[in-house]
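The block underneath contains the structure these notes are about, expressed in structure tokens.
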Amino acid sequence: MKHLSFALLAGMIFSASSLSPALGQAPVISGMRYDSITRNSVTLHWKTTVPADSRVLRMVSDSNDQPVAFTDSARLPSLVTEHSMLIGNLQSAVMYRYMIKSAATTGMDSAIGYFITQSASTGKVNLWFNHTVDTSVSTGTPANGNANFQKLFMEQINKASHSIDITTWLFDDEDSVAACLIRAKERGVKIRFVYDYTPFTANINTLVANGIQVVPRNFDTTFTMHDKFWIFDHRNNSNPADQYLWTGSTNVTHTQFHSDRNNIIIIQDQSLCEVYTREFEEMWGSHTDQPDISRSRFGTEKKGELAHILNVGGIPMEVYFAPTDSIADTLVSLFSTKPVKSIYFCMLKFVFPSIETALHEAFMKGISLGGVFDSSCSVRKGSAFPSMKGQAVTGAWDPPADVFIDTLPGLIHHKYSLINADTTAGEKIVTTGSFNWELPAQKGNDENMLVIHDAAINNLYFQEFMARYRESGGTQIGSSWGTGPPNAGPVSDRARARPNPFNAKTTIQFRLQRRTQVNLELYNSTGKLITSLDEGIMEPGTRVVSIDGGTLPSGLLLCRILAGGSVQYIKLIHLAGMP
């Protein structure tokens, strides 16, 4: 059986003692964590300020506001300051509440935490992007680009046979998805829906009219219910093989599915579903089909009594929810304490001084850093883009970072970061979810962030990042990859245009490694699509496509070449009216 050994913070800790750690006083517990997670055991660790013994009490934790009644205990009599205890005879995919008690002759301290065991699920991860990916940086598995999110959602809803729990900030103008949920309810699937406080859309009203209960955030409308996760077939289902968590950056709208750049990550794991269900039910107000609005908690009302560290099919994962968890502090810790060689990100909103400071400190240590900002949010007051780019603002980076503004239509709606994506050494980590790097997301929004420690998943996100980075004008990152190893991607060598600048006509030349579909797209300087050329299936070898300048606007243009899932970009200058 697989097990993990990764040491991370194990949830909220509440100390019963406020005594000083000075000599002669009672022990004070700190540094609670757990690791070596299997289906029937975990190992707990903690420290005390003075030598003390070890005792652990535990109970199954299965609902909000559950009466505390510990049922099992274990004790080690040794007086030490570094404590470790293996807790065995546990149930698979179950969350436990535990209490640590450490006593010395001078007194006793206690603290409470939560852990969850490994499930018998596959832990399989599927990852989808709704725009192009750059497979030239693939390490073996090409990422799923240009995915139809509408189709993916409907297929999963149609597969559900027990339950669907939904949180999303916006659910609008996707009638087919709403109809799919209604059909699921009619065949007996139990559906619960938590939404933001904003007025219900037509699609939400349709769900309500058909008997699907929707609970809106009913607390502190200064902030929002910004979560985006779906839990399929976890409730009323004992089979660990068909329980799925969906999360990522995507709301349910036509624009989010098709125009904005987004990601969906789908994980088949019972334990992960259990953690997200606990967060869901705190907002729902109960663990039954019926909500209890009187006990429904949002924002700073939430207690956050759940486990954070998981073994998902052998992959270490961490789950955090704002505002009860300090997601920003988690990010800062990842960027500053791990053996980091590179950090890359794709972010809708970035207005968070402590995260920017951590990135700047990493950058000044020689860590490779790059990012893509959404164009509409990069100009907002306090945005990190101007300072990171070295523009004439307070706190400008010198030298500037390798960051860019996306100029294509639609939003960069991603909220992910990648650690060590382009290095051979170092732990490869992904952070993704609903959490924008902005203060409201930390202070009062309902948000989620998933941290994944896995090289393969990291590389899939890196393929998406490189597509966004290169189409925004970046060239520095990925230079060691070139255009990929021989035969790795359809396009080899850098594409070129001759003449450039041009007037009446130019030709785009590129070389294909294999037979593949080729499309060219031309955008103007504001990111508006001007024209699209379908070149059909093209054979391997050097290929040339002619561009007629007669109908093109004058000035800077961006040509995007899409071939077999990979992408290249050429900047063109059209001098209309010149001889």
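Counting in our numbering, the sequence shown runs from 1425 upward without gaps. Where is the CB? At the ideal position from N, CA and C, for every residue including glycine.
Counting along the chain, Pro1777 sits inside the alpha helix (DSSP H) bounded by residues Pro1777 to Met1788. Asp1489 is classed as exposed because its beta carbon has fewer than 16 other beta carbons within 10 Å across all chains shown.
Across the structure, Asn1872 and Ala1921 are spaced so that their CA atoms are roughly 45 Å apart.
Within the segment 1738 to 1775, the complete beta strand (DSSP E) segments at least 3 residues long are 1739 to 1746 and 1766 to 1771, listed from N- to C-terminus.
Between Arg1721 and Met1707, the beta carbon gap of about 7 Å places them in contact (Cβ cut-off 8 Å). In the three-state reduction of the DSSP assignment, Leu1594 falls in the coil class. By alpha-carbon distance to Ala1476, the top candidate from Gly1531, Ser1516, Asp1459 and Asp1486 is Gly1531. Asn1735 counts as buried, since no fewer than 16 other beta carbons sit within 10 angstroms of its beta carbon. The beta strand (DSSP E) runs lying completely inside the segment 1644 to 1675 and spanning 3 residues or more are 1653 to 1656 and 1668 to 1672, given in chain order. Taking the Cα of Val1466 as reference, the smallest distance to any Cα among Tyr1520, Ala1493, Val1452 and Val1474 is reached at Tyr1520.
Taking Ala2000 as the centre and dropping the five residues before and after it, the same chain places the C-beta of Ser1978 closer than 6 Å to its C-beta, in chain order. The residues Asp1589, in chain order, have a CB closer than 6 Å to that of Phe1704 in the same chain once the five nearest residues on each side in sequence are set aside.
Collapsing the DSSP output to three states places Pro1864 in a helix.
Boundaries for Trp1821: no alpha helix (DSSP H) harbours it, and the DSSP string shows neither H nor E there.
For Tyr1619, the beta-bridge partners assigned by DSSP are Pro1640.
A direct Cα-Cα distance of roughly 36 Å separates Ile1985 from Val1817. Assignment of Asp1716 by DSSP, reduced to helix, strand and coil, places it in the coil class. Straight through space, the alpha carbons of Gly1965 and Ala1603 are spaced by roughly 48 Å. Put simply, of Lys1929, Val1942 and Val1875 the residue whose alpha carbon is nearest the alpha carbon of His1998 is Lys1929.
In this structure Val1480 does not touch Pro1451 by the C-beta definition: roughly 15 Å separates them, more than the 8 Å allowed.
In this model, Ile1581 and Tyr1840 are separated by some 26 Å (Cα to Cα). In terms of Cβ geometry, Tyr1993 and Leu1981 do not form a close pair [threshold 8 Å].
Under the 10 Å beta carbon count, Lys1726 is surrounded by 16 or more other beta carbons and is classified as buried. Under the 8 Å Cβ criterion, the segment 1736 to 1745 counts as touching the segment 1692 to 1704, having at least three qualifying pairs. Counting C-beta pairs with one atom in each stretch, the segment 1877 to 1885 and the segment 1860 to 1867 have fewer than three that are closer than 8 Å, which means they do not touch. In terms of Cβ geometry, Ile1690 and Asn1550 form a close pair [threshold 8 Å]. DSSP places Ile1985 in the strand class (E or B) of the three-state scheme.
The count of Cβ pairs closer than 8 Å, one atom from the segment 1643 to 1658 and one from the segment 1852 to 1862, reaches three, so the stretches are in contact.
By the C-beta density criterion, Leu1468 is buried, having at least 16 other C-beta atoms within 10 angstroms. Between Leu1976 and Ile1954, the gap from beta carbon to beta carbon is short of 8 Å. A check of alpha carbon separations from Thr1831 across Gln1667, Asp1753 and Arg1892 identifies Arg1892 as the nearest. The alpha-carbon of Asn1629 is positioned some 42 Å away from that of Pro1810. Classified as buried, Pro1664 has 16 or more neighbouring CB atoms from the shown chains inside 10 Å of its CB. About 5 Å separates the beta carbons of Ala1808 and Glu1780, which is inside the 8 Å limit, making them a contact pair. The shortest C-alpha to C-alpha distance from Thr1899 to any of Val1968, Gln1815, Leu1793 and Tyr1538 is the one to Leu1793.
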